[in-house]
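Working notes for the structure below.
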Amino acid sequence: MDALAPGTLHDAVLDWYDDHARELPWRGLSATPWSVMVSEFMLQQTPVARVLPVHAAWLERWPTPAALSGESTGEAVRMWGRLGYPRRALRLHAAATAIVERHDGEVPASYDDLLALPGIGDYTAAAIASFAFGQRHVVLDTNVRRVLTRAVTGRELPAPAVTRAERDVATTLLPDDPATAATWAVATMELGALVCTARQPSCDACPIAAACTWRGAGFPAYDGPPRRGQAWAGTDRQCRGRILALAREADSVGRAQVEAAWPEREQRERCLDALVADGLLTRVAADRWSLPG
DNA sequence: TATACGTGGAC
DNA sequence: TGTCCAAGTAT
């Protein structure tokens with residue numbers, strides 16, 4: 078990666094972002110730390126297009142952490158809709174409650190305080206601190222990892238888990254100035270989301286194509302450890318999803334409905350128990366369940 | 001470190 | 001058409 082000088086690399090990405098950034102509700106002047114935080118929870122493993130409508134409805138109904146904290150977890154799960162991974166709705170509710178209790182209802186600005194909240198790991202803490210508060214953090218999501226892996230390391234795709242070397246590269250590239258670092262973080266993410274995509278990257282539209290090591294090496298194919306896909310048909314996850322979909326759409330569901338949705342008894346009972354244990358479902362009668370009140 | 005955890009669009 | 005993938009976290 079040497080066709081562009083270091084400063085030029087940053088300028089190329091920042092200039093590209095200036096021209097091509099999407100206008101998203103959690104960016105721009107109307108965004109608040111809370112709206113940014115909600116977006117980050119929803120965007121975990123979930124495409125922007127599906128988050129957009131749910132995010133708008135969520136903020137309309139719960140404009141502050143206190144507003145969400147004041148309602149039941151079941152309402153949060155129902156509002157979460159078909160976003161997937163509904164435990165995120167539970168964790169967002171729990172995080173809102175913790176913010177009310179520990180931070181006077183204001184989303185904390187410090188990385189450590191954010192990291193201590195339910196549902197917030199390294200990525201989300203860094204993202205909120207960076208995007209909502211303009212701080213300097215390494216924001217390593219799947220997009221940034223892919224961009225840096227290709228541009229710097231010359232491989233097609235990053236390893237299954239973040240490596241030390243990877244984090245070192247990201248740290249080295251992070252601009253010193255906090256405001257610039259925050260823009261760099263969102264710009265590299267956007268570049269990965271729009272141009273340096275997983276399957277068919279648009280290298281013709283890439284502002285750093287001339288400096289890309291992977292491109293310079295002739296696009297060598299991924300040769301790391303196998304990237305195992307997630308099984309779906311017949312899994313507990315599918316079973317849980319079916320059951321919870323029923324509960325979302327009604328005040329409560331009876332055993333007959335659940336049996337119709339998932340005939341296999343042993344797996345059905347296991348998933349029912351697990352959903353209750355997770356706090357996603359409450360048993361309201363011997364053979365009846367609902368979202369938690 | 002490996003695995004569980006939802007959902008739906010794209011090719 | 002089945003596989004791959006999408007702003008990860010918790011255990």
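For the first sequence, our numbering begins at 78 and goes up steadily by one.
The beta-carbon is built from N, C-alpha and C at its ideal position, and this holds for glycine as well.
- Message: Classify Glu70: buried if its beta carbon has 16 or more other beta carbons within 10 angstroms, exposed otherwise.
- Response: Nothing about residue 70 can be read from this structure; the chain reaches only from 78 to 370.
- Task: Inspect the beta-carbon positions of Val184 and Ile176 and report whether they are closer than 8 Å.
- Result: Residue numbering aside, residue 184 sits at position 107 when the first sequence is read from its first letter. Residue numbering aside, residue 176 sits at position 99 when the first sequence is read from its first letter. The answer is yes: Cβ separation under 8 Å.
- Go through its chain and collect everything with a Cβ distance to Leu120's Cβ below 6 Å, but skip five positions before and after it. For the purposes of this step, residue 120 is taken as the residue at position 43 of the first sequence. Same-chain partners within the cutoff: Val128.
- Message: Comparing C-alpha positions only, which one of Leu145, Cys289, Thr260, Ala262 sits nearest to Cys273?
- Response: Position 196 of the first sequence holds residue 273. Of the candidates Leu145, Cys289, Thr260, Ala262, Cys289 places its Cα closest to the Cα of Cys273.
- Query: Rounded to a whole number of angstroms, what is the C-alpha to C-alpha distance between Gly311 and Ala337?
  - Reply: If you number the first sequence from 1, residue 311 lands on position 234. If you number the first sequence from 1, residue 337 lands on position 260. For Gly311 and Ala337, the distance between alpha carbons rounds to 15 Å.
- Item | Simplified DSSP state of Trp366, which is helix, strand or coil | Taking the first residue of the first sequence as position 1, residue 366 is located at position 289. Strand, per DSSP.
- Task: Would you mind stating whether Ala193 and Pro142 have Cβ atoms separated by less than 8 Å?
- Result: Counted from its first residue, the first sequence places residue 193 at position 116. Counted from its first residue, the first sequence places residue 142 at position 65. Contact check for Ala193 against Pro142 fails: the beta carbons are separated by 8 Å or more.
- Item | For Thr290, three-class secondary structure by DSSP | Position 213 of the first sequence, counting from 1, holds the residue named residue 290. Under the three-state reduction of DSSP output, Thr290 falls in the helix class.
- Are three or more beta carbon pairs between the region 213-220 and the region 255-268 nearer than 8 Å? The region 213-220 makes contact with the region 255-268; the number of CB pairs closer than 8 Å reaches 3 or more.
- Item | Sequence-distant residues of the same chain with beta carbon closer than 8 Å to Pro297, five excluded per side | As a working note, residue 297 is residue 220 in the first sequence. Same-chain partners within the cutoff: Gly231, Arg232, Glu233, Trp291.
- Under the rule that 16 or more other beta-carbon atoms within 10 Å means buried, what is Thr226, buried or exposed? In the first sequence, residue 226 corresponds to position 149, counting from 1. Answer is buried; the Cβ neighbour count reaches 16.
- Item | As assigned by DSSP and simplified to three states, the class of Val216 | Within the first sequence, the letter at position 139 stands for residue 216. Reduced to three states, the DSSP call for Val216 is coil.
- Could you tell me whether the region 298-309 touches the region 324-344, where touching means 3 or more Cβ pairs closer than 8 Å? The region 298-309 vs the region 324-344: no contact.
- Message: Give me, in chain order, the residues of the same chain whose beta-carbon lies closer than 6 Å to that of Glu148; leave out the 5 immediate sequence neighbours on both sides.
- Response: Taking the first residue of the first sequence as 1, we reach residue 148 at position 71. Contacts found: none.
- Query: Nearest to Arg314 by alpha carbon, out of Ala362, Glu152, Gly211, Arg164?
  - Reply: Here residue 314 is taken as the residue at index 237 of the first sequence, counted from 1. It is Arg164.
- Residue closest to Ala322, alpha-carbon to alpha-carbon, out of Glu341, Arg342, Leu357, Gln344: What you label residue 322 is simply residue 245 of the first sequence in a count that begins at 1. Answer by Cα proximity: Leu357.
- Message: Going by C-alpha to C-alpha distance, which of Asp190, Thr123, His180 sits closest to Arg159?
- Response: Against the first sequence, residue 159 aligns to sequence position 82. Closest option to Arg159, Cα to Cα, is Thr123.
- Message: Going by DSSP in three states, Thr141 sits in which element: helix, strand or coil?
- Response: As a first step, residue 141 must be located in the first sequence, where it is residue number 64. The three-state reading of DSSP puts Thr141 in coil, since its state is none of H, G, I, E or B.
- Message: As a quick exercise: from Ala202, Leu368, Asp350, Gln212, pick the residue whose alpha carbon is nearest that of Ser116.
- Response: On the first sequence, residue 116 is found 39 positions in, with the first residue counted as 1. For the residues Ala202, Leu368, Asp350, Gln212, the minimum Cα distance to Ser116 belongs to Ala202.
- Task: Please look up how many angstroms separate the CB atoms of Pro195 and Arg168, rounded, as I've assumed it's under 8 Å.
- Result: In the first sequence, the residue the question calls residue 195 occupies position 118. In the first sequence, the residue the question calls residue 168 occupies position 91. Right, the Cβ-Cβ distance comes to about 4 Å (below 8 Å), so this counts as a contact.
- Terminal residues of the continuous alpha helix (DSSP H) containing Ala351? Counting from 1 along the first sequence, the entry for residue 351 is found at position 274. Start and end: 342-355.
- Query: Exposed or buried, what is Leu223 when buried is set at 16 or more other beta-carbons lying within 10 Å of its beta-carbon?
  - Reply: Indexing the first sequence from 1 puts residue 223 at position 146. Leu is not the amino acid found at residue 223; the sequence shown has Arg there. The residue is buried, with at least 16 neighbouring Cβ atoms inside 10 Å.
- Message: Considering only heavy atoms of the ligand ATP, does any lie closer than 7 Å to the CB of Ile197?
- Response: Absence of the ligand ATP from the depicted structure is noted, as is the absence of any ligand whatsoever, leaving it without description.
- Message: As a quick exercise: from Phe210, Asn220, Met156, Asp95, pick the residue whose alpha carbon is nearest that of Met114.
- Response: Start at 1 with the first residue of the first sequence, and residue 114 comes out as number 37. Taking only the C-alpha atoms, the option nearest Met114 is Phe210.
- Determine the DSSP secondary structure at Val131, reduced to helix, strand or coil. Numbered from 1 along the first sequence, position 54 holds the residue referred to as residue 131. In the structure shown, Val131 falls within a helical segment according to DSSP collapsed to helix, strand and coil.
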